[in-house]
Structure formats: structure tokens, C-alpha cells
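Right, one structure below, let's go through it.
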Amino acid sequence: MKLHEYQAKEIMRRYGIRTPRGEVATTALQACEIASRLGVPVAVKAQVHVGGRGKAGGIAVASSPEEAKFAASRILGMSIKGLTVTKVLVEEAVKAAREYYVGITIDRAKRSVVIMACGEGGVDIEEVASRTPEKIARTWVSPREGLQPWEARALALAAGFDRAAIPSSGAYLASLFQLFVREDASLAEINPLMLTEDDKVIAADAKITVDDNALLRHPEYQALSEEDTDDPLEKEAHRRHLTYVKLDGNIGVIGNGAGLVMATLDAISAEGGRAANFLDIGGGARADVVKNALELILMDVRVKAILINVFGGITRCDEVASGLLSAADSVGVKVPMVVRLAGTREEEGKALLRKTAVVALDTMGEAARHAVALAAGGR
Amino acid sequence: MGIFAGEHTRVVVQGITGREGKFHAFRMREYGTEVVAGVTPGRGGADVDGIPVFDTVAEAVDRTGANASCVFVPPGAGADAVAEALAAGLDLVVCITEGIPTLDVMSVLDTAKVRAWRGRVIGPNCPGIVTCGKALIGIMPGRIFKPGPVGLVSRSGTLTYEVVNMLTSRGIGQSTCIGVGGDPIVGTNFADCLAEFERDPETEAIVLIGEIGGQDEEDAAAFIRTMTKPVIAFVSGRTAPPGKRMGHAGAIVSGSMGTAESKVKAFREAGVPVAESISEIADLVAGVLR
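Heads up: the protein sequence lines correspond to chains A and B, in order. According to the working numbering, the first sequence is numbered sequentially starting from 107. According to the working numbering, the second sequence is numbered sequentially starting from 6.
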């Protein structure tokens with residue numbers, strides 16, 4: 107779960123990391139008031155769960171409260187990568203003498219937490235990592251241990267931070283590690299970490315992503331959860347507790363198991379078609395889950411054909427078939443549906459579908475080919 | 006032979022009194038697995054259809070000689086259950102539970118290193134392992150497997166069943182099939198399994214089913230260069246958009262990391278045939294088995 111910059115900064119402050127003073131506004135008037143309270147210049151920054159907001163025009167510097175109001179009225183309501191901006195952070199604009207990068211994340215291959223620092227901040231760290239990896243200093247620490255301030259200072263030195271920034275950067279990195287572990291983050295990043303002209307270190311931007319699996323012990327984050335989407339279908343999927351990702355094609359897909367569904371999307375693409383979505387009903391899904399899933403797919407007006415691909419291990423094919431039939435009964439299916447059932451209770455499932463208009467096929471390849479042809483024909 | 010699990014395996018089911026634990030304990034037993042004990046804290050002395058239940062794993066080991074565990078406890082207790090099993094000295098801990106916090110898994114694996122617990126962890130968030138005709142630990146449907154010379158390792162559950170089913174229907178049997186799990190941090194990775202398959206006299210060829218996210222496939226490709234046995238690969242998620250989590254917690258392309266292209270390229274460069282579709286896997290396997 108991604109947190110907004112203003113939420114991440116609030117958490118960082120609790121861990122003793124200095125950030126610019128700032129407040130959130132949802133209207134231009136509020137932004138104006140905040141700017142006069144803080145004193146100018148201020149930065150007005152869109153709060154959206156996507157990267158690249160600066161390039162998209164979602165950040166502005168204002169040198170008067172009136173300018174802040176104007177900037178906020180422009181940014182609020184704008185769409186950045188499909189997301190509407192509903193909040194801006196208005197904060198004191200900080201002047202940097204130098205900018206650095208610090209970040210903490212999970213290293214899957216090393217099964218460890220990795221701490222990274224780079225002497226150049228405000229950059230796309232992935233690009234630095236791929237072009238000039240030697241510019242990033244890294245160290246790996248187990249979550250059972252802590253990152254000691256001396257280790258953090260050594261890392262900052264190795265990354266080429268200025269001497270004046272070393273004591274605070276070391277302390278902040280150690281705090282950031284503590285935050286990472288206690289808050290169950292999967293990413294905690296300050297980019298840029300600024301050294302100001304009066305030799306103070308300050309977190310100018312902040313990113314925190316919380317591990318979804320850890321939300322069960324962080325009710326405070328569950329309350330902050332907001333969908334990082336404006337899309338009505340994705341919102342509906344969330345409401346129905348379905349594992350759904352919207353894609354850009356016209357073939358609705360339902361399957362069981364993430365790997366199988368991904369492979370189904372690939373099979374559709376190999377046949378020259380495009381899937382409209384990823385939807386995994388998981389293991390052991392009962393008829394009501396299948397019904398729920400099909401109803402969602404049927405809400406998607408782009409869908410010209412539906413492909414259901416189920417390999418029954420603990421999922422029973424007859425449960426899947428009866429779920430499909432009951433959804434078809436309740437909402438009506440106006441697009442052609444191709445169903446591929448294999449595994450547990452395959453025969454019973456197929457028997458249920460025999461009297462219907464559903465096309466039942468035996469292999470994933472055949473089913474994909476058929477669905478692609480149907481979607482093309484219905485265009 | 007086969008790897009990690011076999012005739013010698015004696016399973017304790019952690020969480021046996023829960024719905025999933027009980028259901029799958031019976032299915033494992035039906036397959037012929039020796040399910041010797043169950044553990045549910047506070048329910049010691051109970052009995053689940055003839056399987057004795059203990060309060061602790063240590064007690065189960067002491068009384069029944071269990072040497073492997075299958076974990077079905079809820080996610081909040083998952084890492085603790087794995088640690089308990091490792092501390093009790095089990096050789097193999099298969100963790101089915103989905104949704105265990107990532108840092109908990111990391112901590113248990115790190116503790117295991119520090120305390121020299123020698124057991125192997127498979128999972129979490131995995132379908133388990135089956136050494137065909139001998140032992141099945143986990144939730145895989147037993148009837149699709151057929152003993153034979155092909156080892157299989159995968160990050161997915163149902164995709165594994167799909168491929169196994171296809172191999173079996175072509176008359177190609179399997180030695181051991183392992184689902185390593187769909188989480189970012191898992192106890193056993195592809196290379197660990199490949200190393201064992203390389204040593205296993207019953208395994209003649211290996212199928213590896215990867216997916217987007219992380220770099221385990223790239224690491225596996227590097228390891229395959231040192232192997233003598235043929236490996237066939239498949240990578241799912243070629244059409245997955247970046248930045249979206251595709252069901253599995255670990256199946257996400259972040260920036261330029263974890264793309265299907267990078268994985269396919271790594272395999273090809275290591276001389277590994279990569280199947281373009283699921284149905285092609287069986288053809289490629291038949292080809293290398295001759």
C-alpha cells in the first residue's frame with residue numbers, strides 16, 4: 107500500500123527526521139491560507155499515487171499566497187496518469203546546496219533489507235542503478251538487527267555525501283531503518299535528501315510503501331487506504347474483494363491462480379488478441395465467487411468476448427460452472443463466453459454447461475484462439 | 006529418489022484442526038504420504054481421524070518421529086509456526102500460508118542461519134511439493150502426477166498443475182514437483198531446487214516455470230550454465246503491465262526490474278530452450294528425453 111508524500115513525511119517526523127513544514131489542502135483557498143501561515147515561498151505538490159508528477163506539471167513553487175492559490179486551483183482536479191488530483195501539499199520551499207538519495211527496500215535475492223545511498227539526489231535512482239551502479243553505496247542489514255548510526259555514516263561517506271551532511275544523514279538513515287522495520291514498509295525513500303545552505307539536512311520528498319501482508323497488524327494504515335485508481339471497474343473489483351487488474355484489450359478473463367491467469371493473458375496475446383483484465387478467483391473458489399467475478403467482467407462495456415480458464419486442483423469445476431450459470435441467470439450474458447475447465451470434477455462441470463450457449467473447450471490454447479476469434483468477429 | 010521429500014518423509018501438519026489443515030491432511034494421507042501427527046497449540050491430546058494432535062512441534066517429533074512439516078496456520082502466526090518447526094529440528098518445512106508479512110519471513114530465515122537450524126523451508130504462499138508415488142506435502146491434486154524422470158519447479162500453483170497434467174497425458178512422468186511460492190521472499194529458490202535435481206539420479210530433465218518479478222529466474226539461468234542435465238523454461242506474465250501486482254505478492258515488474266523479457270533473455274543466453282506457450286513445454290521435454 108502506497109502512502110502519500112504528506113503521510114510519509116508525517117511518519118518520518120515521528121522518527122525524528124526533519125521535513126519542510128507543510129499542510130494539506132483540498133481547495134485553492136485553503137492553499138492560500140496555508141501559504142500565508144507558513145510564509146513564502148512555498149511548494150504546491152500534487153498528492154497522487156503515481157510517479158512523474160513533476161514532469162506532468164503537478165508541482166509548482168509560489169512566491170505569494172495568491173500564487174499558491176492560483177497554483178493549487180490549477181493542480182487540483184488535474185489528471186496525472188489517469189488519476190485525478192484531490193489533494194495538494196503546501197510546504198515551505200527549501201533551497202538546496204546539495205541533493206542526495208537515500209532509500210531502504212527489500213532485496214529478494216539476498217533475502218535481506220538493503221539500504222542505498224547516492225551522492226546525487228532528485229534523480230531516477232533506477233536509471234542511476236542501471237547506468238552507473240558504482241555511484242550507489244549499498245549495505246544489507248537483517249530486520250532482526252538495527253542499522254547502527256556508525257554504519258549509516260560510513261554508507262553516506264561511501265556515497266559521497268558532503269562532510270557537513272554526514273552526522274544528520276547517518277542519524278536519519280538509522281531512524282529510517284527503524285521506521286522501515288516497525289512500520290512494515292517495503293519501501294522507505296527520501297529523494298532528494300537536501301543539504302541546505304545553512305548546513306541542515308532535510309527530507310524534501312518522501313515515499314513509503316507498506317507491505318500489504320502486514321496491514322493486519324497496522325489498522326492505522328488500513329484506515330488510510332484509498333484506492334489508487336479512479337477507474338470505476340477497479341473500484342468495483344476492490345469492493346467485491348476480487349484480485350483484478352484492468353488491461354487495455356477487449357477479452358474478459360477469469361481464471362484460478364496468478365500464474366495460470368498470467369499465462370492465459372499471454373496465450374491471448376500470442377493469438378493476436380488483447381485481454382481486458384487480469385482476474386484471479388484464487389484456490390478453492392465457490393460458485394458465489396465465480397458469479398461475483400463474472401458479474402464484474404460483464405460490467406465492462408469494452409468486453410467483446412469472455413474467456414474462463416480454470417484448472418481445478420482444490421477448485422471444483424462444477425462449482426465454477428454453477429457460478430457461471432447463476433451469474434448468467436441474474437444479469438444476462440450478451441457477449442460470447444468460452445470456458446475451459448480441467449481437473450477436479452471436470453466432467454460434472456462440463457455437463458452443467460452442455461445445455462447452454464457457452465463454448466466449452468479442452469485446452470488453454472484452443473480456448474484462447476476461440477475467444478480471440480469471437481472478440482474480433484463481434485467488433 | 007526425487008528431492009527433498011520421499012518415502013522417508015513423516016509429516017506433521019501444523020494447524021491440523023483448522024478447515025484447510027484437516028482437509029489437506031486427509032488428501033495427503035490418501036496420496037500415501039505418512040501423515041504422523043498434527044499440531045494445534047492448546048489442542049494437544051485430540052485426534053483428527055486417527056492422527057494424534059500435539060501442542061508443540063517438538064512433542065510431535067519426540068512422539069512420532071516426524072521429520073517434515075506442512076504449515077496451514079493463519080498468516081499472523083505463519084512465521085512463528087515455521088520457526089517452531091525449524092527449531093524442533095525438522096528437515097523440511099512446507100509453508101502453504103499466504104499473506105505472511107515479508108519482514109517476518111525474512112527474520113525467520115535469518116534466525117535459522119544464526120542458530121544453525123538446518124531444515125529447508127519451502128514457501129510461504131506455495132502449493133507444496135510432491136515426490137511422485139511417494140509423498141505429497143501441500144495442496145497439489147495428487148491424481149495428476151505420474152512417477153517418471155522429469156523434475157519440475159515453479160513459482161505458481163495452478164500453472165504447475167496445468168503443465169504436469171499435460172506431461173502426464175503425454176506419458177511423461179515426474180520425479181519431484183515443487184512450487185517454491187509466489188511471495189517476494191521464499192525459503193527455497195529455483196537454483197536450490199536445480200542443484201538438488203542435478204544430483205538426483207532419478208531426474209533426467211527439469212522444467213522451470215517462472216514468472217515476472219524479482220530475479221530468481223536470472224539467477225537460475227546463471228546456475229544452469231554449471232549443470233549437465235537439460236532444463237526447459239517457461240515464463241508467464243509476458244503481457245503484464247509494469248507496476249501492477251499480478252495476483253502473487255512477488256509478481257510485479259518494478260521499473261526495469263523483473264520483466265519477462267529479461268528472464269527469457271537470461272535463459273536463452275544460458276542455452277535453455279524457452280517454451281513460447283504452455284503446450285510447447287511437453288514437446289520440448291519430449292525432445293530432450295528422446
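Ideal placement from N, C-alpha and C gives every residue a C-beta, glycine not left out.
Query	Result
Determine the direct distance from the alpha carbon of glutamate 209 of chain B to that of proline 4 of chain B, and round the result to whole angstroms.	In the structure displayed, chain B extends from 6 to 295; residue 4 of chain B sits before or after that span and is not available.
Restricting to Cα atoms, I'd like to know which of A:Val367, A:Ala393, A:Gly390 is closest to alanine 381 of chain A.	A:Val367
Nearest chain B C-beta to phenylalanine 384 of chain A closer than 8 Å, yes or no?	yes
I believe glutamate 89 of chain B touches proline 129 of chain B by the beta-carbon criterion, under 8 Å. Please report the beta-carbon distance rounded to the nearest angstrom.	Contact doesn't hold; Cβ gap of about 14 Å is too wide.
Residues of chain B with CB closer than 8 Å to the CB of methionine 470 of chain A, please, in chain order.	Glu167, Ile283, Ser284
Skipping 5 residues on each side, what residues in its chain have a beta carbon closer than 6 Å to that of isoleucine 257 of chain B?	Gly218, Arg250
Any Cβ of chain A within less than 8 Å of the Cβ of proline 232 of chain B?	Here residue 232 of chain B is methionine; the residue named in the question, proline, does not match the sequence. No, methionine 232 of chain B lies away from the interface with chain A (no Cβ there is under 8 Å from its Cβ).
Report the three-state DSSP secondary structure of tryptophan 256 of chain A (helix, strand or coil).	helix
Taking the CB atoms as reference points, tell me whether alanine 277 of chain A and leucine 285 of chain A lie closer together than 8 Å.	no
Looking at the C-beta of glutamine 179 of chain B, does it have a partner C-beta in chain A at a distance below 8 Å?	no
Quick check: the stretch 159 to 176 of chain A against the stretch 140 to 150 of chain A, are there 3 or more CB pairs under 8 Å?	yes
With burial defined as no fewer than 16 other Cβ atoms inside 10 Å of the residue's Cβ, what is the status of glycine 455 of chain A: buried or exposed?	buried
Would you say serine 112 of chain B faces chain E, with C-beta separation under 8 Å as the test?	This model lacks chain E altogether; the protein chains it does include are A and B.
At the level of alpha carbons, what is the spacing between arginine 485 of chain A and aspartate 406 of chain A?	Residue placement at arginine 485 of chain A is flagged as unreliable, the pLDDT there being 43, under the threshold of 50; a coordinate-derived value is accordingly withheld.
If you draw a straight line from the alpha carbon of glutamate 452 of chain A to that of threonine 22 of chain B, how long is it in whole angstroms?	29 Å
At a Cβ threshold of 8 Å, is glycine 252 of chain B touching chain A?	yes
Against glutamate 232 of chain A, what residues of chain B qualify as contacts under a CB-to-CB distance less than 7 Å, listed in chain order?	Gly260, Ser261
With C-beta atoms as the reference, is glycine 419 of chain A less than 8 Å away from threonine 450 of chain A?	yes
Which chain A residues are close to serine 174 of chain B, counting only those with a beta carbon under 7 Å from its beta carbon?	Simply none; closest approach about 10 Å.
Arginine 446 of chain A by DSSP, collapsed to three states: which one?	strand
Along the chain, where does the beta strand (DSSP E) containing alanine 86 of chain B start, and where does it finish?	From DSSP, alanine 86 of chain B is part of no beta strand (DSSP E) but of the alpha helix (DSSP H) over 80 to 92.
Can you list, in chain order, the residues of the stretch 448 to 459 of chain A whose Cβ is nearer than 7 Å to any Cβ on chain B?	Ala448, Gly449, Thr450
Mind checking which residues open and close the alpha helix (DSSP H) that includes valine 119 of chain B?	107 to 119
Rounded C-beta distance between threonine 14 of chain B and threonine 45 of chain B? I'm assuming under 8 Å.	With a Cβ gap of about 21 Å, threonine 14 of chain B and threonine 45 of chain B do not count as contacting.
Name the chain B residues whose beta carbon is nearer than 9 Å to that of methionine 107 of chain A?	None at all; the shortest Cβ gap to chain B is about 11 Å.
Under 6 Å Cβ to Cβ from isoleucine 296 of chain A, same chain only, skipping five residues before and after it: list those, please.	Val208, Ala309, Ala312
Within its chain, find whatever has a CB closer than 6 Å to the CB of aspartate 317 of chain A; leave out the 5 residues flanking it on each side and keep chain order.	Asp290, Ser292
Measure the alpha-carbon distance for valine 196 of chain A versus glycine 43 of chain B and round it to whole angstroms.	57 Å
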